[in-house]
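Numbering (the numbering used here), first residue to last: 1 to 97.
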Amino acid sequence: NTVQLDCMRWSLQKLCEHAGLTWDDIYVWLDIISIPQCNASLKQLAVNSLYTFASMADFLLIVAPDSSHKQQKTVADAQSYQKRVWRRAEQMAFYCC
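So, in structure tokens, the structure goes:
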């Protein structure tokens, strides 16, 4: 399923166009590959570090197209994203800094 990857590429291209940037000007941090899921202690440490990463960003881009989680076989979309606990932490850190 490449729905999220395709949406991310499209969104980054639009961001570059809007902000007058090139692909070489941007760095992308993905929470999905930065939060370990198998170890509760490491997961909590990573979630606690979201404030730091988000506060250093110039842009916050949320990619949440209608799709499904391959392993869990659950819906993955904007509504499911809003239910994630650390979403608010990411947004607060971004907008407060």
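We put the CB at the ideal spot given by N, CA and C, even for glycine.
Among Leu50, Gln37, Ser67 and Phe59, which residue has its Cα nearest to the Cα of Ala19? If you number the sequence shown from 1, residue 19 lands on position 19. The shortest Cα separation from Ala19 among Leu50, Gln37, Ser67 and Phe59 belongs to Phe59.
Boundaries (first-last residue) of the beta strand (DSSP E) holding Thr74: Here residue 74 is taken as the residue at index 74 of the sequence shown, counted from 1. Thr74 to Ala76 is the extent of the beta strand (DSSP E) around Thr74.
What is the rounded straight-line gap between the Cα of Pro65 and the Cα of Ala78? Along the sequence shown, one-based indexing puts residue 65 at 65. Along the sequence shown, one-based indexing puts residue 78 at 78. Pro65 and Ala78: Cα-Cα distance of roughly 6 Å.
Please name the residue, chosen from Thr52, Ile62, Leu61 and Gln72, that lies closest to Cys96 on a Cα-to-Cα basis. Within the sequence shown, the letter at position 96 stands for residue 96. Closest by alpha carbon: Thr52.
For Ala40, count the other beta carbons within 10 Å of its own beta carbon; 16 or more makes it buried, fewer makes it exposed. Which is it? Here residue 40 refers to the residue found at position 40 of the sequence shown. With fewer than 16 Cβ atoms within 10 Å of its Cβ, Ala40 is classed as exposed.
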